[in-house]
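**Q** Provided herewith is a single structure, encoded as structure tokens, for subsequent inquiry.
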Amino acid sequence: MNEIQKLKFYQKGTLTVGNRLVDEAQRNVQASLSRSNSLTCGHRACQGCGEALGARYAIDAAMRASGNNLIAVNATGCLEVFTTPYPETSWQMPWMHSLFGNAAAVATGVAAAMRVTNRAGTRVVAQGGDGGTTDIGFGCLSGMFERNDDVLYICYDNEGYMNTGVQRSSATPPAARTATTPVLGDEPGNVFGTGKFVPKIAVAHDIPYVATASVADLHDLEMKVTKAMGFRGARYIQINVPCPLGWGAASHDTIRLARLAIETGLFPIFEAENGRFTHVRKIRQRKSVAEYLKLQRRFAHLFKGGKEDPRVARIQAIADRHIADFGLLETPAGAA
Amino acid sequence: MFQVRIHGRGGQGVVTAAEMLSVAAFIEGRHAQAFPSFGSERMGAPVVAFCRISDREIRLREPIQTPDALIVQDVTLFRAMDVLEGLSPSGYLLVNTGKGFADIHQEAAAARLPPGHAQTIGATELALAHVGRPAPNTSLLGAFTALSGLVSLESVLEAIRRTFPGKVGEANVIAARAAHDLVAARMAPDMQTRKDAAHA
Amino acid sequence: MKHPYAIALDVGTSRRNLTGSWRTLRPEYVDRLPPCNNACPAGEDIQGWLFHAESGDYEAAWRALTLNNPLPAIMGRVCYHPCENACNRASIDVAVGINSVERFLGDLAIEKGWAFAPPPSESGKKVLVVGAGPAGLSAAYHLRRLGHQVTLREAGPLAGGMMRFGIPKYRLPRQIIDAEVKRITAMGVELVLDSKVDDIEQAMKDGGFDAAFLAVGAHIAKRAYVPAAGAAKVLDAVQFLRSMEGEAPPLLGRKVVVYGGGNTAIDVARTARRLGAEEAIIVYRRTREKMPAHDFEVEEALEEGVSMKWLSTIKTVDGGTLQIEKMALDDKGFPQPTGEFETLEADSLVLALGQDVDLSLLDNAPGIVIQDGVVKVGPDMMTGRAGVFAGGDMAPSERTVTVAVGHGKKAARYIDGYLRGEPYAAAPKHGLASADRLNSWYYEDAPATVRPMLNAARRINSFEEVQGGLDETNALYEARRCLSCGNCFECDNCYGVCPDNAVIKLGAGNRFRIDYDYCKGCGLCAAECPCGAIDMVPETI
Amino acid sequence: MLEQLEGSKAMAKVIGLCRPQVVCAYPITPQTHIVEGLGELVRTGDVQNCEFINVESEFAALSVAIGASAAGARAYTATASQGLLFMAEAVYNAAGLGLPIVMTLGNRAIGAPINIWNDHSDAMALREAGWFQLFAENNQEAADLHIIAFRLAEELSVPTMVCVDGFILTHAMERIDIPEQAQVDTYLPPYEPVQVLDPEDPISIGAMVGPDAFTEVRYLQFYKQQTAFRLIEKLAHDFKKQFGRAAGGLLRTYSMDEAETVVVAMGSVNGTIKDVIDEMRADGILIGLVCLITFRPFPTRALQEALSHAKDVIVIDKALDAGMGGPLASNIAIALRNLAQTPNMHSVVAGLGGRPVTKAALHRVFRQAVIQPWDGPHFLDLNERVIAREIHRKGKARRSGPSAENVLKLLERERAEKIAAAEGTGR
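Respectively, the protein sequence lines represent chains A, B, C and D. In this note's numbering, each number is its position in the first sequence, counted from 1, plus 473. In this note's numbering, each number is its position in the second sequence, counted from 1, plus 807. In this note's numbering, each number is its position in the third sequence, counted from 1, plus 23. In this note's numbering, each number is its position in the fourth sequence, counted from 1, plus 80.
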């Protein structure tokens, strides 16, 4: 019987959203007819919006993990604007928006209210884009972390201020064209050597759980949200969510781009608990950064006239460094 | 209304002195208002605190400009500022020093007050002896009760106990009482002689 | 006003906002023809039956399989599986071992005694099927399922035709043939053995048949003129393989030469090895690339120690010595004699140069046209004589069991249409589910630890029967490797990846529906559909 | 119970009696002692069922309170000066969302130049944020106003700021009657939010509102403030009934019999003004006082009634709108503009950055207003000599450094001269 179990691979479906071959209970939330659709139809996100997708993935998973006993706090940004233009809201769960930079703090307040009003079973997530998280909301985020407040903060990282018309954030990658890093001058696009990777900063707070995830790997994403919900205290998940508009990509390439971001090593997928890195998601089919960059008009200047700009190699070097630092490649069997 | 101004430096318990004085008056059923001259909380900086005592509600919020009594916790302040500014001609002056007014070049100021209204007391030494810390405020308050009779020694001692519960409070009570006794002794029947001495 | 005006909103109210109006492209679910199905001469819905096998419902899988082919245990052994050659999975790793799974299902059915259901109703029509080979058996089965009364006349003493007399036992154990034939006769097909039909017109008239399907096998060996002298032992392949069915195996000696380049030549050579020949040499006038035999058969023969002599013709046989002339390919790829000769020692020579069909039963049938030794049939498998259909080796096509089974099915459908007076029209074929339509990311590789075992399991179908087939675990594994090219397998990807929740899941078995009220036409569902079952088509505005 | 307490400690005690459920603390002088006191009460268990949260900024302090309030908890925080400005957008946000947060503002000047002492610049800077703003005259009222503030805020879903003069009140020790818990409980029922984040009954709070509805949202805010007057008066009335002393209300008048000159002021300066008025009345001058307690909503009608018979109205502002003058004076001018007989308006800017407002100066300016009125704001106790020199210097050379520094230098020189003179007399 054990032997049979060992052989039950689900090659067709292992990586898909659903899989009719596994028990209903073990299937992804997103495959379920009874998923909460916390973020429902009629929202005004652009076609192929990665953030809309990531938010439904994450919040639905958190809803399941909490037994639908969840409150979400939202920073200002695309997600807030496209889901709640008066008089319509796309949320189907208790949700609140206060300001751009204070989602983490508002969530702290909600969590405190839950404890003090004997509703500690109600869980709290805060969510925002990279601008609201890594820039303007960073102070509140760090404060929430260091106090170890009982909040899961989810950052939908689309690498820029997309709501305001695609400006640079501290999560914008080098060379990327944005409205504030135009393709002009000696160093066109965003400047190399700038920016920050907040998940690592989160880890430095020694909080119970930090993870990165991607809309390209739903299994991993749902597992991480579910795992995060199993902890009490401050938790942080940064989800890579491609933005067709801001990245200058086809709307149908959103998931493909997210996949390439992982498979190039540009967006490392890892977990850390209590300040220690515990797990990395290995690259499955390694890709070159050029394959990733070429799909995005924000990097079009790197391939102008059919020639590859030397800065592509610099971006490749960043990916290679991630691969080395995080150990993103499978170690061959038998290797130490 | 009786107005007391206390001068000292940060760390000497100037504000606490004003507050304890107000508590002593409160214990006696009177209205009292204590407040600091507001500034950053830094050691060594000149600090002024005020205390008003009245039998009616105190509404006035201005800093005390014409004090009925001055308590100077640090003689070095005479050189840094006009400590005596506005002191009522019928007021009281209590200075923390083991020396006489002449030794600190303030005999003229003392002389302007009614006889017996100016006293010096080595409050820091008393504090060191009884409390083990150079905090002259409680000793000065003890001495002040003897000097002015504004509030009773017992009320001040109770205020000290409320402010510093336990051993520290009791040590301060001993220091305050000692200071009171020293000044009271000076103010005794042969007071006139001592007044003359003070004028000398 | 329940909540503060404009500050607090009731949940889910955005559903009033029909974002479908943004769309310029619309996703549409499609079904495409999987390359395996497309390649299957028997017209099997391979993907369809693998679907059931994937979930472990083998009986359902077998029943789905036998809707098209009643002989899975046989086919699982002898089919040259063009399906696997076409399989899109080959572009990812290795083709799905369809044939092995088919055999597993066929064997399991025999073991479990699964039977075919009798037809729900009788048509009252009588059909004569001539020849109980794969084509005849297939036709009889399908006709019976359609409610017709079928008489299957076989000239030989046993059913199976060329499967029994042309395929070595090591490839096809006879009890397998017996079991699968029995299951067909159990449906009510009348099998008459040792009953050669000499005159089809007469036979139909005598039996009162409304139609006939002719499926006589190619039992007659083609002879090439090879001058022989002395005590040379020369025999033909048909004769040789047929003699394998007797009690005493033929004596070939130590060194056997087989002349020919088809699968039969390979069968003979490999059989010779099994009979104890130390050397089995295939002599063929062209190159390996030009050999009609399936490459994997050649490969396996080589592995079994069969040797090959390319670009060679046998000029004469003299006792134990063959004179060989070397050939060279001309510009057009035809072999031309070079005038160079050599000799080859042999205890016996087996000629495997092709077979012919005995068409004498048609002599009195009007309108039947014979061309190149086979009967001319229309696209409906009907001969020039109305109501008489032909297939298998008799009709022009590749002569394999699988093709024959396909002919049987196809003919049965047209016969049925003919009998009902409603000519059968095959459903139009879907466009091909080509590999470029797949999103192969979603198909996981097998873990390295089980790969060798599976590779072995996939290969044994053409090996010694004693090694057996797939067991349940690896059959399941193999089935699950199917990509379901071009047809939704309910992986929920579209349902999951839609940023607008505009895909409605209809529940198990019912697939999905696009909610065009909200679909913005981003195309993510189509891009992320693993099997290419969604097309994006321009919206008509 | 009567106690001799520092104002901050008294407020902490009373706020504790209001059973706050979430208290957010971030230090800024001069409000620090309040949250320190509350923190202590939570640690000792005197205040139960309360989350005391040390946050990383004022912005976070109010944001945490926003979250807590939206989730159904009674939330409190305190700040001052720069802190209020640092949380400014959250201040507006709390009001926009209608969250009944109570916040103590230890009134303090706003830099630059940096200044930790009292004035009303901070409260004035955010007077348009949509909060109720109540000003305390003394520490008893400072404490009592918090009880009223929670009830007011929660009844109308409007956040409420209790403005308490920094140092002058926060650091002053006075006799204060601390009420009993039962009394407070009777007056202040538990918080029942009108909108709450609840998985049982989910809603979305904080939608983006466009031109189609924004005006209406704002109007409703305005309407709510306008309808608050009656409630504020009722709450003051109820308070007196419950606690036996006056606190709150829209405004309080003093010595108004036949008053020809009426002073209007907010906060602790009213105490000093009362003493001055008593003295002036003793001199036969018909002067009275309107002590404005509720600044937002601005009680236009109540002020009209109080001031309609005055000949001269003197408004004391502890803040300066540098491009306009005293903000309170501007507000009062607007309130009185349509009276049949508009009084003469006199604006006094006093007590900026902790400058003592003395009886002497008030005597002077109250008399001057009637006999020698001025245009624009009068800056009480302005050092005219320094100003004259600086203006002269500026006129001569442009761009010669910030005025603040130069003024400080001049003042330093003056002080040194004064001490030298004093020491001379001392000898």
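Built from N, CA and C at the ideal position, the CB exists for glycine as well.
Is F139/D close to chain A, meaning its C-beta is less than 9 angstroms from at least one C-beta of that chain?
**A** Looking up residue 139/D in the fourth sequence gives position 59. Interface residue, yes.
**Q** Please report the distance separating the alpha-carbon of S810/A from that of D33/C.
**A** A question about residue 810/A goes unanswered here, because the residues of chain A that appear run from 474 up to 809.
**Q** Of the residues that make up the stretch 272-295 of chain D, which ones have a beta carbon closer than 7 angstroms to any beta carbon in chain A?
**A** If the cut-off is 7 angstroms between Cβ atoms, the stretch 272-295 of chain D has L277, D278, P279, P282, I283, S284, I285, G286, A287, M288, V289, G290, A293 near chain A.
**Q** Give the secondary structure of S21/D by DSSP, where H, G and I count as helix, E and B as strand, and everything else as coil.
**A** This structure cannot settle anything about residue 21/D, because the visible part of chain D is limited to 81 through 507.
**Q** Going along the stretch 538-550 of chain C in order, which residues come within less than 8 angstroms of chain A, judged by CB to CB distance?
**A** Listed by position along the chain: D538, D540, Y541, K543, G544, C545, G546, L547, A549, A550.
**Q** If you count every other CB in all the chains shown that lies within 10 Å of the CB of A209/C, and 16 or more means buried, which is it?
**A** Mapped onto the third sequence, residue 209/C falls at position 186. Its Cβ having fewer than 16 others within 10 Å, A209/C is exposed.
**Q** Distance, Cα to Cα, R197/C vs A427/C?
**A** Residue 197/C sits at position 174 when you count from the first residue of the third sequence. Residue 427/C sits at position 404 when you count from the first residue of the third sequence. Going by the C-alpha atoms only, they are around 19 angstroms apart.
**Q** Could you tell me whether the Cβ of G574/A comes closer than 9 angstroms to any Cβ of chain D?
**A** What you label residue 574/A is simply residue 101 of the first sequence in a count that begins at 1. Yes, because at least one Cβ of chain D sits closer than 9 angstroms to the Cβ of G574/A.
**Q** From what residue to what residue does the alpha helix (DSSP H) around H426/D run?
**A** For the purposes of this step, residue 426/D is identified with residue 346 of the fourth sequence, where counting begins at 1. Note, H426/D: premise wrong, no alpha helix (DSSP H); beta strand (DSSP E) at 424-429.
**Q** Within the continuous alpha helix (DSSP H) that includes I133/C, where are the two ends?
**A** Along the third sequence, read from residue 1 onward, the residue named residue 133/C stands at position 110. Start and end: 121-135.
**Q** Out of G329/D, K498/D, G290/D, R325/D, which one is the CA nearest neighbour of F309/D?
**A** Stepping through the fourth sequence from its first residue, residue 309/D is reached at position 229. Checking every option, the nearest Cα to that of F309/D belongs to G329/D.
**Q** For R436/C, which residues from the same chain have a beta carbon less than 6 angstroms from its beta carbon, with the 5 sequence-adjacent residues on both sides left out?
**A** Counting from one through the third sequence, the residue named residue 436/C turns up at place 413. For R436/C, where only same-chain residues beyond five positions count, the Cβ hits under 6 angstroms are Y447.
**Q** Within 10 angstroms of its Cβ, does R417/D collect 16 or more other Cβ (buried), or is it exposed?
**A** The residue given as residue 417/D occupies position 337 in the fourth sequence. R417/D should be labelled exposed.
**Q** Are at least three pairs of beta-carbons, each pair with one atom in the stretch 631-650 of chain A and one in the stretch 589-609 of chain A, less than 8 angstroms apart?
**A** Yes, since at least three Cβ pairs between the stretch 631-650 of chain A and the stretch 589-609 of chain A fall closer than 8 angstroms, the two stretches touch.
**Q** Got a sec: which bits of the stretch 161-182 of chain C sit with their beta carbon under 8 angstroms from any beta carbon on chain D, in order along the chain?
**A** From the stretch 161-182 of chain C, no residue has a Cβ closer than 8 angstroms to chain D.
**Q** Using a threshold of 9 angstroms, state whether the C-beta atoms of A686/A and D693/A are closer than that.
**A** Along the first sequence, read from residue 1 onward, the residue named residue 686/A stands at position 213. Along the first sequence, read from residue 1 onward, the residue named residue 693/A stands at position 220. Yes, these two residues count as a Cβ contact at 9 angstroms.
**Q** Using the C-alpha atoms, what's the distance from V495/A back to L372/C?
**A** Residue mapping note: residue 372/C aligns to position 349 of the third sequence, counting from 1. Residue mapping note: residue 495/A aligns to position 22 of the first sequence, counting from 1. Whole-angstrom Cα-Cα distance: 58 angstroms.
**Q** Would you please verify whether the beta carbon of E208/D is less than 9 angstroms from any beta carbon of chain B?
**A** For this step, residue 208/D is matched to residue 128 along the fourth sequence. No, E208/D does not count as interfacial toward chain B.
**Q** Which residues in chain D sit within 9 angstroms of H838/B, going by Cβ to Cβ distance?
**A** To locate residue 838/B, count along the second sequence from 1; it is residue 31. Under the 9 angstroms cutoff, chain D gives E254, R255.
**Q** Give, in chain order, every residue of the stretch 620-641 of chain A whose Cβ lies closer than 7 angstroms to some Cβ of chain G.
**A** Included in the structure are the protein chains A, B, C and D, with no chain G among them.
**Q** Quick check on the burial criterion: 16 or more other C-beta atoms within 10 angstroms. Buried or exposed for W454/D?
**A** In the fourth sequence, the residue the question calls residue 454/D occupies position 374. W454/D is exposed by the Cβ-count criterion.
**Q** Just to check my reading of the structure: E764/A and L739/A have Cβ atoms closer than 8 angstroms, yes? What is that Cβ distance to the nearest angstrom?
**A** What you label residue 764/A is simply residue 291 of the first sequence in a count that begins at 1. What you label residue 739/A is simply residue 266 of the first sequence in a count that begins at 1. Rounded, the Cβ-Cβ distance is 11 angstroms, inconsistent with contact.
**Q** Should L82/D be flagged as near chain B, meaning a C-beta pair shorter than 9 angstroms?
**A** On the fourth sequence, position 2 is the one that residue 82/D refers to. Cβ-Cβ to chain B under 9 angstroms: yes for L82/D.
**Q** Give the range of the alpha helix (DSSP H) segment to which A205/D is assigned.
**A** Taking the fourth sequence and counting its residues from 1, the one referred to as residue 205/D is at position 125. Looking at the DSSP string, the run of the alpha helix (DSSP H) that includes A205/D is 201-205.
**Q** By DSSP, does W564/A sit in helix, in strand, or in coil?
**A** Start at 1 with the first residue of the first sequence, and residue 564/A comes out as number 91. Note: W564/A maps to strand in three-state DSSP.
**Q** Measuring alpha carbon to alpha carbon, tell me which of L166/C, M98/C, G390/C ends up nearest A146/C.
**A** As a first step, residue 146/C must be located in the third sequence, where it is residue number 123. Here residue 146/C turns out to be Ser, not Ala, going by the sequence shown. When only C-alpha atoms are compared, the closest one is L166/C.
**Q** Check this for me: beta carbons of N524/C and D538/C, under 9 angstroms apart or not?
**A** Stepping through the third sequence from its first residue, residue 524/C is reached at position 501. Stepping through the third sequence from its first residue, residue 538/C is reached at position 515. Yes. Within cutoff.
**Q** Using C-beta distances below 7 angstroms, list every residue in its chain close to C552/C, excluding the 5 sequence neighbours before and after it, in chain order.
**A** On the third sequence, residue 552/C is found 529 positions in, with the first residue counted as 1. For C552/C, where only same-chain residues beyond five positions count, the Cβ hits under 7 angstroms are N462, N516, C517.
**Q** By the 10 Å Cβ neighbour count, where 16 or more other Cβ atoms means buried, how is G414/C classified, buried or exposed?
**A** Your numbering for residue 414/C matches position 391 in the third sequence. Its Cβ being crowded by 16 or more others within 10 Å, G414/C is buried.
**Q** Run the CB neighbour count on F357/C, radius 10 Å, all protein chains shown included, and call it buried at 16 or more, exposed below.
**A** As a position in the third sequence, residue 357/C is number 334, starting the count at 1. That one is exposed.
**Q** Name, please, each residue of chain D whose Cβ falls closer than 8 angstroms to the Cβ of R508/A.
**A** Taking the first residue of the first sequence as 1, we reach residue 508/A at position 35. Near R508/A there are no residues of chain D at all, since even the closest Cβ is about 16 angstroms away, more than 8 angstroms.
**Q** With a 10 Å radius around its C-beta and 16 neighbouring C-beta atoms as the bar for buried, classify K485/A as buried or exposed.
**A** Here residue 485/A refers to the residue found at position 12 of the first sequence. Per the 10 Å Cβ criterion, buried.
**Q** Counting pairs of beta carbons, one from the stretch 258-276 of chain C and one from the stretch 347-366 of chain C, are three or more of them closer than 8 angstroms?
**A** Touching, no, given that fewer than three Cβ pairs across the two stretches are closer than 8 angstroms.
**Q** T549/A by DSSP, collapsed to three states: which one?
**A** Locating residue 549/A in the first sequence gives position 76, counting from the first residue. Residue state, collapsed to three classes: coil.
**Q** Would you identify the three-state DSSP class for I194/D, choosing helix, strand or coil?
**A** One-based indexing of the fourth sequence puts residue 194/D at position 114. Here I194/D sits in coil by DSSP.
**Q** CB G406/D to CB V370/D, shorter than 9 angstroms?
**A** For this step, residue 406/D is matched to residue 326 along the fourth sequence. For this step, residue 370/D is matched to residue 290 along the fourth sequence. Cβ distance not < 9 angstroms, so G406/D and V370/D don't count as in contact.
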